[in-house]
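In terms of this note's numbering, the sequence shown is residues 68 to 210.
Take a look at the structure below.
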Amino acid sequence: MSGPQPFYLALKGRFTSLLAWDDLARFWETLRRQPDGWYIYAIGEPLPTSPRTPDELDRFLTAIDTLLRNDHHEDYCGIVYADHRDTPTLVKIFDPNHLGVSCGSSKVPPQPGWIVSRLPPLPLTESRPLPEARRRWWRALWT
């Protein structure tokens with residue numbers, strides 16, 4: 068066996084929270100300026116086999132921003148984490164309806180709901196099934 072996979076190592080790396088909603092809006096624009104080569108993975112759904120197109124990335128960012136703002140009833144964001152704000156390669160987006168203890172003080176913190184990555188993602192297991200409403204939301208993005 069050859070050791071840990073780069074995706075899993077990156078996922079356990081250091082991340083910065085996009086705490087303010089304005090920070091998140093600026094961050095989405097950073098991703099839009101670098102639109103090629105992004106895999107988008109909804110935990111609990113099949114792994115993506117190729118990066119999304121720039122139009123698909125834009126569609127996802129618009130939809131996830133709306134979902135987060137509608138479902139996260141706080142005056143701050145704090146549920147999107149990037150490995151680097153200016154030159155990101157991996158982004159974790161936590162589902163506002165399944166946060167548990169996302170600050171790391173839990174022995175088993177929740178998995179992100181979605182991952183946007185330059186690295187091809189590998190499977191992540193989630194202890195709870197993906198709610199049907201989230202499955203429908205996810206699948207509607209790509210049809």
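Note that beta-carbon positions come from the ideal geometry of N, C-alpha and C, so glycine has one too.
Whole angstroms is fine: what's the gap from leucine 98's alpha carbon to leucine 197's?
Computed Cα separation, rounded: 26 Å.
Please report the residue range of the beta strand (DSSP E) in which isoleucine 107 lies.
Where isoleucine 107 is concerned, the enclosing beta strand (DSSP E) starts and stops at 106-109.
Three Cβ pairs or more, each shorter than 8 Å: is that satisfied between the region 152-163 and the region 118-130?
Contact between the region 152-163 and the region 118-130 is absent: fewer than three C-beta pairs spanning the two stretches fall below 8 Å.
Does DSSP put isoleucine 160 in a helix, in a strand, or in coil?
If DSSP states are grouped into helix, strand and coil, isoleucine 160 belongs with the strands.
Cβ pair glutamate 221, glycine 111 closer than 9 Å:
Residue numbering for the chain in the displayed model covers 68 to 210; residue 221 lies beyond these limits and cannot be assessed.
Among Asp150, Ala92, Pro73, which has the Cα closest to the Cα of arginine 81?
Ranking Asp150, Ala92, Pro73 by Cα distance to arginine 81 puts Asp150 first.
Between the Cα of tyrosine 75 and the Cα atoms of Asp89, Ser117, Ala200, Pro190, which residue gives the shortest distance?
It is Pro190 whose Cα lies nearest to the Cα of tyrosine 75.
So what does DSSP say about threonine 83, is it helix, strand or coil?
Correct three-state label for threonine 83: strand.
Cut-off 6 Å between Cβ atoms - residues of its own chain near arginine 195, not counting five sequence neighbours on either side
No residues qualify anywhere along the chain.
Alpha helix (DSSP H) containing tyrosine 75: first to last residue?
73-78 is the extent of the alpha helix (DSSP H) around tyrosine 75.
How big is the Cα-Cα spacing for alanine 87 and leucine 78?
C-alpha separation (whole angstroms): 22 Å.
Residue environment, histidine 140, which counts as buried when at least 16 other CB atoms sit within 10 Å:
Flag for histidine 140 reads exposed.
Beta-carbon within less than 7 Å of threonine 83's beta-carbon, same chain only, minus the 5 sequence neighbours each way: which residues are those?
Tyr148, Ala149, Arg152.
In chain order, what residues of the same chain lie with their CB nearer than 7 Å to the CB of asparagine 164, ignoring the 5 residues before and after it?
Around asparagine 164: Asp138.
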